[in-house]
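Undergrad: So the protein lines, in turn, are chains U and L. Residues 2 to 409 in the numbering used here are what the first sequence lists, from first letter to last. Residues 10 to 148 in the numbering used here are what the second sequence lists, from first letter to last. The structure is given below, and queries will be raised subsequently.
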Amino acid sequence: MSSVGAIWRIESARIVGALTRYAGGDLELAEDVAQEALAEALEKWPRDGEPDNPVGWLLATARRRAIDTFRRRSVRDEKYALLAEEDTDGGDGHLWDPDRIDDDVLALMFVACHPVLSPEARVALTLRTVGGLSSEEIARAFLVPVPTVQARITRAKKTIAAARVPFEVPPPADRKERLGGVLSVLYVIFTEGSTATSGDVLVRKDLAYEALRLARTLAALLPGEPEVFGLIALGELTASRFPARTGPDGEAILLEQQDRRRWDRTAIRRGLAALGQATAAGRGLGPYGLQAAIAACHATAASVAATDWERIVLLYEALGRVAPSPVVELNRAVAVAMASGPAEALALVDELVATDRLPGSYLLPSVRGELLLRLGRRDEARGELELAARLCGNERERRVLLRKLEDQ
Amino acid sequence: MAKYMLIMRGTDDTQAQMAKASFDEMLETVGRFNDELIKAGVLVAAEGLDDAAQGVVVDYSGETPVVTDGPYGETKELFGGFYIIDVSTKEEAVEWAKRMPAFPGAKCEIRRVPGIDEFPQDNEWVKKERAWREQTGQL
Numbered sequence: 002m003s004s005v006g007a008i009w010r011i012e013s014a015r016i017v018g019a020l021t022r023y024a025g026g027d028l029e030l031a032e033d034v035a036q037e038a039l040a041e042a043l044e045k046w047p048r049d050g051e052p053d054n055p056v057g058w059l060l061a062t063a064r065r066r067a068i069d070t071f072r073r074r075s076v077r078d079e080k081y082a083l084l085a086e087e088d089t090d091g092g093d094g095h096l097w098d099p100d101r102i103d104d105d106v107l108a109l110m111f112v113a114c115h116p117v118l119s120p121e122a123r124v125a126l127t128l129r130t131v132g133g134l135s136s137e138e139i140a141r142a143f144l145v146p147v148p149t150v151q152a153r154i155t156r157a158k159k160t161i162a163a164a165r166v167p168f169e170v171p172p173p174a175d176r177k178e179r180l181g182g183v184l185s186v187l188y189v190i191f192t193e194g195s196t197a198t199s200g201d202v203l204v205r206k207d208l209a210y211e212a213l214r215l216a217r218t219l220a221a222l223l224p225g226e227p228e229v230f231g232l233i234a235l236g237e238l239t240a241s242r243f244p245a246r247t248g249p250d251g252e253a254i255l256l257e258q259q260d261r262r263r264w265d266r267t268a269i270r271r272g273l274a275a276l277g278q279a280t281a282a283g284r285g286l287g288p289y290g291l292q293a294a295i296a297a298c299h300a301t302a303a304s305v306a307a308t309d310w311e312r313i314v315l316l317y318e319a320l321g322r323v324a325p326s327p328v329v330e331l332n333r334a335v336a337v338a339m340a341s342g343p344a345e346a347l348a349l350v351d352e353l354v355a356t357d358r359l360p361g362s363y364l365l366p367s368v369r370g371e372l373l374l375r376l377g378r379r380d381e382a383r384g385e386l387e388l389a390a391r392l393c394g395n396e397r398e399r400r401v402l403l404r405k406l407e408d409q
Numbered sequence: 010m011a012k013y014m015l016i017m018r019g020t021d022d023t024q025a026q027m028a029k030a031s032f033d034e035m036l037e038t039v040g041r042f043n044d045e046l047i048k049a050g051v052l053v054a055a056e057g058l059d060d061a062a063q064g065v066v067v068d069y070s071g072e073t074p075v076v077t078d079g080p081y082g083e084t085k086e087l088f089g090g091f092y093i094i095d096v097s098t099k100e101e102a103v104e105w106a107k108r109m110p111a112f113p114g115a116k117c118e119i120r121r122v123p124g125i126d127e128f129p130q131d132n133e134w135v136k137k138e139r140a141w142r143e144q145t146g147q148l
């Protein structure tokens, strides 16, 4: 990575945030001129040397281009005429305001995760504008073609403009719901990085770490929100297992077989601290905090046998109440199997099958197969595990399933 | 992501400048920089060291180690403190180092901090250290 790239990673959110405010909330224009300035830097800096004040250079270049656009558009739009006029006062147009920059970055996060956008668009726009990732990097991380990412971002910016989404931190009345939206985008990015749904790489750690970094930024800019800490805790505790999740040949290792000595203790410590922050708010844990609390049960247990499965069952019950989902039910069934045995768990799983609440998922037959195996019903188990292997899109997880079949 | 240590290296002259500077101002400047690292979500650890004059030096040039009191005025560089940050590339670590508040004449050295995973895992000493790290939750 060149120094331009490194500077962009550090500064892009603030640059795009400041420019958006400067352009009267026009994120599309701001992002375009910021990208143009970046392209110009990539061309000029290696040739002419890095400027003394790289951020100032990027801002000034982007601003010049913004003014050009204001003037061009002022013919048909009064709003831009005003912006172009304001800028002739010789000042810097209050572009870089240290007192507002944190709010600009926060506003950018909220806008990029706005509910008018499709989930894919939110992810792409967040990684691009807040994370400073290029379309190529996003495409690589999500295994989609570069033009797809570019089209998503372009469409997203147009949608924001068409819906007249204000560039602001949402007012207190909407805060909780909109914050939930931001957290779910970061969660999706983290999950995509920590468990690839397709392709050959089980852990695309960098994407997961980027989501965690953005969550820390959110915690620093918007303090006192327990669910932000809940998400950080969940991310840290999940990431703590990364070193133990894959074997020497890159094959997946399930939680029960992981060498717990390989878990990253610093990450666990940070995760438990964040969970403490989430708990300290005293408002009860939300969905992320509860998932983090479950991860903490694993992180602090010396072995599968020594794990407090009864507590995990209770936490899944609580999670099922605040965020009902068939996947949570399935996980609860797994915990029940550990706490009270496979027969009781199978009843829960069969209920999920009967109500067809997880159609097409490999997880359901995989868990069912496992439970049947433990109950000694080998033929039925084989059928379920074969089905799971057919449905599983992740090559490495599929190999784990096939190995289970061979082991019979 | 990888961890990098930003090692602050001052001189007698930068120490003197620091002694003259307003403590409140310094706290604010350093505090602002630290806050930037926190807001960027990259800060892992940071420590600054006490006055070099209060330190001692153990010299191994002879057959037995020789202990001398500080200040060690003959040295050109004084280790003053460090940051550990978790960033995606070395270039990013360098960019953060460029933003660090420092007196003219000071230097910052940037070194990657390898994880324990990079050592041979079957070595008994590595295993021992690993166990200690587990018990204490160390880096």
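Every residue, glycine too, gets a C-beta built ideally from N, C-alpha and C. Model, not experiment: these values are computed from the prediction.
Using only alpha-carbon positions, find the residue among U:F168, U:Q278 and U:L30 that is nearest to R73 (chain U).
TA: Taking only the C-alpha atoms, the option nearest R73 (chain U) is U:L30.
Undergrad: Please name the residues in the stretch 53-80 of chain L whose beta-carbon is closer than 9 angstroms to at least one beta-carbon of chain U, in chain order.
TA: Here the close residues are V53.
Undergrad: Buried or exposed for T356 (chain U), going by 16 or more other Cβ atoms inside 10 Å?
TA: Its Cβ having fewer than 16 others within 10 Å, T356 (chain U) is exposed.
Undergrad: For T21 (chain U) versus V112 (chain U), is the C-beta spacing smaller than 9 angstroms?
TA: Yes. Within cutoff.
Undergrad: Within 10 Å of its beta-carbon, does E407 (chain U) have 16 or more other beta-carbons around it, so buried, or fewer, so exposed?
TA: Per the 10 Å Cβ criterion, exposed.
Undergrad: Please list the partners that K137 (chain L) has in chain U, where partner means a Cβ-to-Cβ separation under 8 angstroms.
TA: The premise fails here: K137 (chain L) is roughly 11 angstroms from chain U at the closest Cβ pair, so nothing lies under 8 angstroms.
Undergrad: Could you tell me whether the Cβ atoms of N395 (chain U) and T127 (chain U) are closer together than 9 angstroms?
TA: In this structure, T127 (chain U) does not lie closer than 9 angstroms to N395 (chain U) by Cβ.
Undergrad: Within the 9 angstroms Cβ cut-off, does T218 (chain U) reach chain L?
TA: At least one chain L Cβ lies under 9 angstroms of T218 (chain U).
Undergrad: Decide if Y69 (chain L) is buried, meaning its Cβ has at least 16 other Cβ atoms within 10 Å, or exposed.
TA: Y69 (chain L) comes out exposed.
Undergrad: Given 8 angstroms as the limit, is there contact between the stretch 146-164 of chain U and the stretch 116-125 of chain U, that is, 3 or more CB pairs closer than that?
TA: Enough Cβ pairs lie closer than 8 angstroms, so yes.
Undergrad: Which residues in chain U have a C-beta closer than 8 angstroms to the C-beta of I47 (chain L)? List them in chain order.
TA: Residues of chain U passing the Cβ test: R217 and A221.
Undergrad: Whose CA, out of L:D60, L:V135 and L:L52, lies closest to the CA of T23 (chain L)?
TA: Considering only alpha carbons, the answer is L:D60.
Undergrad: Does the separation of the CB atoms of R369 (chain U) and V354 (chain U) fall below 9 angstroms?
TA: Yes, the Cβ-Cβ distance between R369 (chain U) and V354 (chain U) is below 9 angstroms.
Undergrad: Apart from the five residues on each side of it in sequence, which residues of its chain come closer than 6 angstroms, Cβ to Cβ, to L347 (chain U)?
TA: The answer, listed in chain order, is L372.
Undergrad: Could you give the distance in angstroms between the alpha-carbon of G272 (chain U) and the alpha-carbon of P227 (chain U)?
TA: If I take the Cα positions, the gap works out to 13 angstroms.
Undergrad: Measuring straight from C-alpha to C-alpha, what distance separates L52 (chain L) and D265 (chain U)?
TA: Rounded to whole angstroms, L52 (chain L) to D265 (chain U) spans 17 angstroms at the Cα level.
Undergrad: If you draw a straight line from the alpha carbon of V314 (chain U) to that of A303 (chain U), how long is it in whole angstroms?
TA: Whole-angstrom Cα-Cα distance: 18 angstroms.
Undergrad: Distance cutoff 9 angstroms, beta carbons only. Does R284 (chain U) sit that close to anything in chain L?
TA: It does not: the Cβ of R284 (chain U) has no partner Cβ on chain L nearer than 9 angstroms.
Undergrad: Let me know if E32 (chain U) comes out buried or exposed under the rule of 16 or more other beta-carbons within 10 Å of its beta-carbon.
TA: By the 10 Å Cβ count, E32 (chain U) comes out buried.
Undergrad: Determine, using beta carbons only, whether M286 (chain U) and V328 (chain U) come nearer to each other than 9 angstroms.
TA: The identity of residue 286 (chain U) in the sequence shown is Leu, whereas the question assumes Met. No, the pair does not count as a contact, with Cβ atoms beyond the cut-off.
Undergrad: What span of residues does the alpha helix (DSSP H) with A54 (chain L) cover, start to end?
TA: Segment L52 to G57 is the beta strand (DSSP E) holding A54 (chain L); no alpha helix (DSSP H) there.
Undergrad: Which residue wins for smallest C-alpha separation from L180 (chain U), given the options U:V147, U:L291, U:A216 and U:L43?
TA: If we check each option's Cα against that of L180 (chain U), U:A216 comes out closest.
Undergrad: Scan the stretch 306-322 of chain U for residues whose Cβ lies nearer than 8 angstroms to a Cβ of chain L and list them as they occur along the chain.
TA: So nothing in the stretch comes that close.
Undergrad: Roughly how many angstroms separate the alpha carbons of G64 (chain L) and A140 (chain U), rounded to a whole number?
TA: Between G64 (chain L) and A140 (chain U), the C-alpha separation is close to 52 angstroms.
Undergrad: I need the DSSP call for V436 (chain U), collapsed to helix, strand or coil.
TA: Here chain U has residues from 2 to 409 only, and residue 436 (chain U) is not among them.
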